[in-house]
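In numbering that gives the first Met the number 0, the protein residues as written are 0 to 281.
Working notes, beginning with the structure itself.
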Amino acid sequence: MAEVEQKKEDVDAAAAATAAAVAVEDGKSEQEEEFQADGERVQKAVDFILLQKEIGVWKIEKIIGAGANGVVARVRHNGTQQICVMKVAISSASFHSLIWESEVMGRIMRAPGEDRTQHLVRRKGAGTTKGPEGEALPYVVMENLPGNPVSIIGCCVGEELISKPENLGLYKKEILILYDLGMARSFTEQYGNLREPRSNIGMRGTDEWASLSAEVGKDQGPVDDLWGWFYVMVEWVNCTSKSPLAWAAFDDRSEIRHLMKSNNFQSRLVLRGCPKEFFKIQ
Numbered sequence: 000m001a002e003v004e005q006k007k008e009d010v011d012a013a014a015a016a017t018a019a020a021v022a023v024e025d026g027k028s029e030q031e032e033e034f035q036a037d038g039e040r041v042q043k044a045v046d047f048i049l050l051q052k053e054i055g056v057w058k059i060e061k062i063i064g065a066g067a068n069g070v071v072a073r074v075r076h077n078g079t080q081q082i083c084v085m086k087v088a089i090s091s092a093s094f095h096s097l098i099w100e101s102e103v104m105g106r107i108m109r110a111p112g113e114d115r116t117q118h119l120v121r122r123k124g125a126g127t128t129k130g131p132e133g134e135a136l137p138y139v140v141m142e143n144l145p146g147n148p149v150s151i152i153g154c155c156v157g158e159e160l161i162s163k164p165e166n167l168g169l170y171k172k173e174i175l176i177l178y179d180l181g182m183a184r185s186f187t188e189q190y191g192n193l194r195e196p197r198s199n200i201g202m203r204g205t206d207e208w209a210s211l212s213a214e215v216g217k218d219q220g221p222v223d224d225l226w227g228w229f230y231v232m233v234e235w236v237n238c239t240s241k242s243p244l245a246w247a248a249f250d251d252r253s254e255i256r257h258l259m260k261s262n263n264f265q266s267r268l269v270l271r272g273c274p275k276e277f278f279k280i281q
């Protein structure tokens with residue numbers, strides 16, 4: 000009997016030791032996990048931001064993502080302990096874009112006490128910090144919305160969808176929130192009148208879903224958003240196809256893509272596999 004009890008105690012002790020080791024390892028991986036960026040310049044920026052430990056009143060906890068234009072980190076407010084997400088621009092291309100994105104967030108925010116702005120992320124702070132070479136880098140802090148929207152998107156188009164919604168989050172598990180506002184543009188002036196269209200606008204965004212006007216350098220408005228959304232819907236409907244969009248096989252042939260998006264191309268080829276209601280959209 001004593002022998003059995005001793006074995007039980009040994010098993011319990013081993014289990015406790017294993018659990019403690021796992022907990023320590025988990026804590027270590029959370030704190031010491033190194034983010035590996037693509038490219039030496041981006042990795043240099045990531046390492047520099049981690050070395051700062053704090054930017055303004057925000058403590059850097061973890062690097063979430065990084066690319067040629069910026070670094071995204073999970074941060075915690077030193078006073079309130081609120082967890083948020085910080086974007087830091089690390090290139091001249093993203094410098095003005097991030098400043099504009101912060102300005103857009105400032106414009107859409109409502110007065111304290113009012114309901115949150117539906118479907119758009121809210122700004123929690125902004126400022127500038129010094130980069131590796133002493134250059135000024137803008138940053139913006141946004142609310143942290145870690146919910147996974149794949150289930151909501153998936154239920155709309157079926158279980159076969161494979162999605163990587165890097166620009167989406169969830170608020171209260173049911174409201175889709177758009178993170179990235181860097182391409183937003185005000186198309187009306189302060190009195191509500193349409194602004195004069197600009198000429199020779201540089202292409203921004205992804206060619207695959209961009210409107211024809213955006214691709215050829217024309218100014219954009221709400222109709223271009225609708226074209227982009229329409230192309231996304233076509234892609235979702237045909238998500239099991241190797242070429243869900245008619246021009247997917249011609250990535251390096253912009254002239255073919257432009258033709259397919261124009262009125263001169265047959266809609267039945269662009270909308271193959273789509274519901275008949277899609278053909279009524281003008």
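Glycine included, C-beta positions come from ideal geometry on N, C-alpha and C.
Contact set for residue i: own chain, Cβ-Cβ below 6 Å, skip 5 residues either direction
i	result
P243	E234, N237
F277	L270
L180	E100, V103
A209	none
Beta-carbon contacts of residue i that lie in its chain and below 8 Å, excluding the five residues immediately before and after
i	result
R271	N237, A245
L258	F264
W57	V74, R75, H76, N77, C83, M85, G124, V140
Whether residue i touches residue j by CB criterion (7 Å)
i	j	result
R121	E142	yes
V45	I62	yes
G126	G38	no
F186	G220	yes
D224	A213	no
A72	M85	yes
F47	P137	no
V140	K123	yes
Length of the line joining the Cα atoms of residue i and residue j
i	j	result
L175	H118	6 Å
S91	N68	8 Å
A183	T239	31 Å
R75	C83	6 Å
Q51	F229	43 Å
K275	G201	35 Å
G216	G204	12 Å
K279	I98	40 Å
F94	L169	27 Å
N199	E60	42 Å
S253	G105	36 Å
Minimum Cβ-Cβ distance from residue i to chain D less than 7 Å
i	result
I107	Among the protein chains of the structure shown there is no chain D, as only one such chain exists.
Heavy atom of the ligand ATP within 6 Å of residue i beta-carbon
i	result
S240	Here there are no bound small molecules, and the ligand ATP is not part of this structure.
Chain-order list of residues whose beta-carbon lies under 7 Å from that of residue i (same chain, five-residue window excluded)
i	result
P196	D218
R256	D206, W246, F249
K260	L211
Residue environment, residue i, which counts as buried when at least 16 other CB atoms sit within 10 Å
i	result
A88	buried
D25	Here D25 scores only 44 on pLDDT, less than 50, and its place in the model is too uncertain to base an answer on.
E173	exposed
K241	exposed
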